[in-house]
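Under our numbering, the first residue of the sequence shown is numbered 3, with each subsequent residue one higher. The beta carbon of each residue, even a glycine, is placed where N, CA and C say it ideally should be. See structure below.
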Amino acid sequence: MFSKVKGTRDLNICETTFKDYNLNLIKDILNEYGFQRVETPIIEHSELFKRSVEGSDLVNKEMYDFVDKGNREITLRPEGTASFVRAYVENKWFANNMHQKFYYYGPMFRYEQPQKGRYRQFDQLGVEFVGDKNPYKDADVIALGNLILNEVELKNFRLEINSVGDEESRRKYQQALQEYFKDFYNELSETSKKRFDQGNCLRILDDKEDSQKPFMQNVPQLKDYLSEASRQYFNDLLAILDEKDIKYVVSNKLVRGLDYYDEIVFEFIAIDKNAGSQNAVIGGGRYSRLINQLGGPELSSVGFGLGIDRLLSILYDNNNSIQEQSKKATEDYFVYVAFSNDKLALRNFFIILDALRQEFGWLRFYFEYDLVKSKKVLDRANKVNARFLITDNQEGLIYVKDLQNKNSNIHNEFIDPQTLEFEEDMLEHLSEIFEEEYQKLQGELE
Numbered sequence: 003m004f005s006k007v008k009g010t011r012d013l014n015i016c017e018t019t020f021k022d023y024n025l026n027l028i029k030d031i032l033n034e035y036g037f038q039r040v041e042t043p044i045i046e047h048s049e050l051f052k053r054s055v056e057g058s059d060l061v062n063k064e065m066y067d068f069v070d071k072g073n074r075e076i077t078l079r080p081e082g083t084a085s086f087v088r089a090y091v092e093n094k095w096f097a098n099n100m101h102q103k104f105y106y107y108g109p110m111f112r113y114e115q116p117q118k119g120r121y122r123q124f125d126q127l128g129v130e131f132v133g134d135k136n137p138y139k140d141a142d143v144i145a146l147g148n149l150i151l152n153e154v155e156l157k158n159f160r161l162e163i164n165s166v167g168d169e170e171s172r173r174k175y176q177q178a179l180q181e182y183f184k185d186f187y188n189e190l191s192e193t194s195k196k197r198f199d200q201g202n203c204l205r206i207l208d209d210k211e212d213s214q215k216p217f218m219q220n221v222p223q224l225k226d227y228l229s230e231a232s233r234q235y236f237n238d239l240l241a242i243l244d245e246k247d248i249k250y251v252v253s254n255k256l257v258r259g260l261d262y263y264d265e266i267v268f269e270f271i272a273i274d275k276n277a278g279s280q281n282a283v284i285g286g287g288r289y290s291r292l293i294n295q296l297g298g299p300e301l302s303s304v305g306f307g308l309g310i311d312r313l314l315s316i317l318y319d320n321n322n323s324i325q326e327q328s329k330k331a332t333e334d335y336f337v338y339v340a341f342s343n344d345k346l347a348l349r350n351f352f353i354i355l356d357a358l359r360q361e362f363g364w365l366r367f368y369f370e371y372d373l374v375k376s377k378k379v380l381d382r383a384n385k386v387n388a389r390f391l392i393t394d395n396q397e398g399l400i401y402v403k404d405l406q407n408k409n410s411n412i413h414n415e416f417i418d419p420q421t422l423e424f425e426e427d428m429l430e431h432l433s434e435i436f437e438e439e440y441q442k443l444q445g446e447l448e
């Protein structure tokens, strides 16, 4: 017997149903905000990530690298922004000035220690808003993340935000950190020592080991080294968030793990009060140099990555039952079809099943291809979270039962599957029954 690779997982029907439900919800929100979907390959030349996120743990420890049969160094993408920027530059998407709001979704790969909500293969959704640096655009992207978490009903989360300044600000701050960490060099981890020697002390701040050490309590604060322009930019953004009534916490030690960010970085932290744990489910910021560094024009962009697996894991825990969540996602438009007494009813209904699927494309029919004992029909319908049941009585007549509304009278009408008008009668009957649900669905689509 084979087992799955460490850090990967298999999803059952309940899990994929819940995942699809939330993804569709998120994609609807992205469309409302004017973001359009693009795709990039899951493999890229390794040099892309070495250039874009050089010096990070991502490059040093976590990338899945291999040499292909053409002797090329290839990497399974560990994050989405570098791949997006490569595609943006290579395909000259910047030539279309009318649309610069993009999103992408797909699997990413990182060689890190697997734990709950964190896997070596994980799905990430990313958004990128390309254009001139503007705090209103930053606020729009942050508001989008805030809305998504509210719409998927994440109960407890907070927004942390910080300014990492412009190039001048970070240069001065790097010098201050270099001076400060010089006195604690022997206490630094081996990774942090390398970063110190390379003059990249900013990365020491989010080192998992060193960030917990006592000397970190008095480390210089980036806010004290911001240029006047960066300070004003950050204050403008905070004022906009205040006006939009988006709650936030300014976290002076938040720098994010990737070096391409400037000015603004932010994270949405999910809080599990029962477990006493906190996990970032959305992380992002502004980057103003990466597009140019990878061969494109001098354009800035702001965006974020949303960890789908981690978010869904938290939602499962908060709501106790995956089954209950998947039921919420399917019950409204799910029809279970099973016959107990008459093979002719089963045969004739099967013949018109394609017509029903075509007519009621917004419904999902679960059809039993053999007779089912009458005592088991209702049981099975409930197990698959059906909203409606289509079945037959002892005389072989077909009727519809509303499983959500016990007082419904729709099952009082019976249709004979042996008549010539059976298909027409069935379509008409189902149209009447489902009209209210169809109108509700149309309203949601509009």
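Can you tell which of N93, F436, C203, G128 has the C-alpha that lies nearest to the C-alpha of R389?
Sequence index remark: in the sequence shown, residue 389 carries index 387 (1-based). Ranking N93, F436, C203, G128 by Cα distance to R389 puts F436 first.
Decide if L13 is buried, meaning its Cβ has at least 16 other Cβ atoms within 10 Å, or exposed.
The sequence position of residue 13 within the sequence shown is 11, counting from 1. Label assigned to L13: exposed.
Exposed or buried, which one is Y90 when buried takes at least 16 other CB atoms within 10 Å?
On the sequence shown, residue 90 is found 88 positions in, with the first residue counted as 1. Burial call: buried.
Between which two residues does the beta strand (DSSP E) harbouring T77 extend?
To locate residue 77, count along the sequence shown from 1; it is residue 75. T77 -> beta strand (DSSP E) spans 75-78.
Would you call L228 buried or exposed, if buried means 16 or more other Cβ atoms sit within 10 Å of its Cβ?
Translated into the one-based positions of the sequence shown, residue 228 becomes position 226. The residue in question, L228, is buried, as its Cβ has 16 or more Cβ neighbours within 10 Å.
When the Cα of N164 is compared with those of K195, L256, A97, which residue comes out closest?
The residue given as residue 164 occupies position 162 in the sequence shown. When only C-alpha atoms are compared, the closest one is L256.
Buried or exposed for M428, going by 16 or more other Cβ atoms inside 10 Å?
Here residue 428 refers to the residue found at position 426 of the sequence shown. Flag for M428 reads buried.
Taking buried to mean at least 16 other C-beta atoms within 10 Å of its own C-beta, is P43 buried or exposed?
For the purposes of this step, residue 43 is identified with residue 41 of the sequence shown, where counting begins at 1. Burial call: exposed.
In whole angstroms, what is the alpha-carbon distance linking E181 and F159?
Residue 181 sits at position 179 when you count from the first residue of the sequence shown. Residue 159 sits at position 157 when you count from the first residue of the sequence shown. Using only the alpha carbons, I get a separation of about 36 Å.
Which same chain residues end up closer than 8 Å to N395 when comparing Cβ atoms and leaving out the 5 residues on each side of it in sequence?
The sequence position of residue 395 within the sequence shown is 393, counting from 1. Taken in chain order, the residues that qualify are N343, Y401, F416.
Taking the beta carbon of A141 as the centre, do at least 16 other beta carbons fall within 10 Å, making it buried, or is it exposed?
Within the sequence shown, the letter at position 139 stands for residue 141. Buried, because 16 or more other Cβ atoms sit within 10 Å of the Cβ of A141.
Identify which residue in A357, K94, D264, L149 has its Cα closest to the Cα of E34.
Position 32 of the sequence shown, counted from the first residue, corresponds to residue 34. Checked all of A357, K94, D264, L149; the closest Cα to E34 is L149.
CA-CA distance, V7 and Q123?
Here the question's residue 7 lines up with position 5 in the sequence shown. Here the question's residue 123 lines up with position 121 in the sequence shown. When rounded, the distance between both Cα atoms is 10 Å.
Pull the bridge partners of A272 from the DSSP assignment, please.
Indexing the sequence shown from 1 puts residue 272 at position 270. Its beta-bridge partners are F159, N281.
Let me know the secondary structure DSSP gives M218 once reduced to three states.
Within the sequence shown, the letter at position 216 stands for residue 218. It is helical.
Thinking just about the alpha-carbon of each residue, which of E46, L127, Q117 is nearest to the one in E92?
Working through the sequence shown from its first residue, we reach residue 92 at position 90. Checked all of E46, L127, Q117; the closest Cα to E92 is E46.
Taking DSSP as the reference, what is the three-state secondary structure of Y371?
On the sequence shown, position 369 is the one that residue 371 refers to. In this structure, Y371 counts as coil in the three-state DSSP scheme.
Measuring alpha carbon to alpha carbon, tell me which residue in V87, C16, V69 is nearest I293.
Position 291 of the sequence shown holds residue 293. Checked all of V87, C16, V69; the closest Cα to I293 is V87.
Cβ atoms of F336 and R366: under 8 Å apart, would you say?
Within the sequence shown, the letter at position 364 stands for residue 366. Within the sequence shown, the letter at position 334 stands for residue 336. In this structure, F336 lies closer than 8 Å to R366 by Cβ.
From T19 to V386, what distance separates their C-alpha atoms?
What you label residue 19 is simply residue 17 of the sequence shown in a count that begins at 1. What you label residue 386 is simply residue 384 of the sequence shown in a count that begins at 1. Between T19 and V386, the C-alpha separation is close to 12 Å.
What does the alpha-carbon distance come out to for the pair E108 and D125?
By one-based count along the sequence shown, residue 108 stands at place 106. By one-based count along the sequence shown, residue 125 stands at place 123. The sequence given here has Gly at residue 108, not Glu. Going from the Cα of G108 to the Cα of D125 covers about 5 Å.
What does a CB cutoff of less than 8 Å around I206 pick up in its chain, not counting 5 residues either side in sequence?
Translated into positions along the sequence shown, residue 206 becomes position 204. Answer for I206: L179, F183, L190, S194, R197, F198, D212, listed in chain order.
Hey, quick one: how far does the beta strand (DSSP E) through V69 stretch, first residue to last?
Along the sequence shown, read from residue 1 onward, the residue named residue 69 stands at position 67. Start and end: 66-69.
Taking C-beta to C-beta, are G286 and G82 nearer than 8 Å?
In the sequence shown, counting from the first residue as 1, residue 286 sits at position 284. In the sequence shown, counting from the first residue as 1, residue 82 sits at position 80. No, these two residues do not count as a Cβ contact at 8 Å.
So for L405, helix, strand or coil by DSSP?
Mapped onto the sequence shown, residue 405 falls at position 403. It is coil, neither helix nor strand.
Is I353 buried or exposed, if buried means 16 or more other CB atoms sit within 10 Å of its CB?
Here residue 353 is taken as the residue at index 351 of the sequence shown, counted from 1. Burial call: exposed.
For N350, which residues of its own chain have a beta-carbon under 7 Å away from its beta-carbon, when the five flanking residues on both sides are left out?
Residue numbering aside, residue 350 sits at position 348 when the sequence shown is read from its first letter. Correct list, in chain order: P419, F424.
Taking 7 Å as the limit between beta carbons, can you name the residues of its chain near K139, skipping five residues before and five after?
Residue 139 sits at position 137 when you count from the first residue of the sequence shown. Answer for K139: F131, G133, V304, listed in chain order.
Going by beta-carbon coordinates alone, are D274 and I310 separated by less than 8 Å?
Translated into positions along the sequence shown, residue 274 becomes position 272. Translated into positions along the sequence shown, residue 310 becomes position 308. Contact flag unset, no.
Can the beta-carbon of T393 be found less than 8 Å from the beta-carbon of F341?
In the sequence shown, residue 393 corresponds to position 391, counting from 1. In the sequence shown, residue 341 corresponds to position 339, counting from 1. For T393 and F341, yes; Cβs fall inside 8 Å.
Helix, strand or coil: which one does DSSP assign to G147?
Along the sequence shown, read from residue 1 onward, the residue named residue 147 stands at position 145. Three-state DSSP puts G147 in a helix.
Where do the N-terminal and C-terminal ends of the alpha helix (DSSP H) with Y460 fall, by residue?
As shown, the chain starts at 3 and ends at 448. That puts residue 460 outside it, with no answer to give.
So, using beta-carbon positions, are F37 and V129 closer together than 8 Å?
The count along the sequence shown starts at 1 and reaches residue 37 at position 35. The count along the sequence shown starts at 1 and reaches residue 129 at position 127. Taking 8 Å as the Cβ cut-off, F37 and V129 qualify as a contacting pair.
Count the other CB atoms within 10 Å of the CB of V166; is the residue buried (16 or more) or exposed (fewer)?
What you label residue 166 is simply residue 164 of the sequence shown in a count that begins at 1. That one is buried.
When DSSP labels each residue in this structure, what does V386 get in the three-state scheme?
Taking the sequence shown and counting its residues from 1, one reaches residue 386 at position 384. In the structure shown, V386 sits in coil (DSSP, three-state: anything other than H, G, I, E or B).
Curious, which full-length alpha helix (DSSP H) runs of at least 4 residues does the segment 155-209 contain?
List check, alpha helix (DSSP H) in window: 169-183, 192-199.
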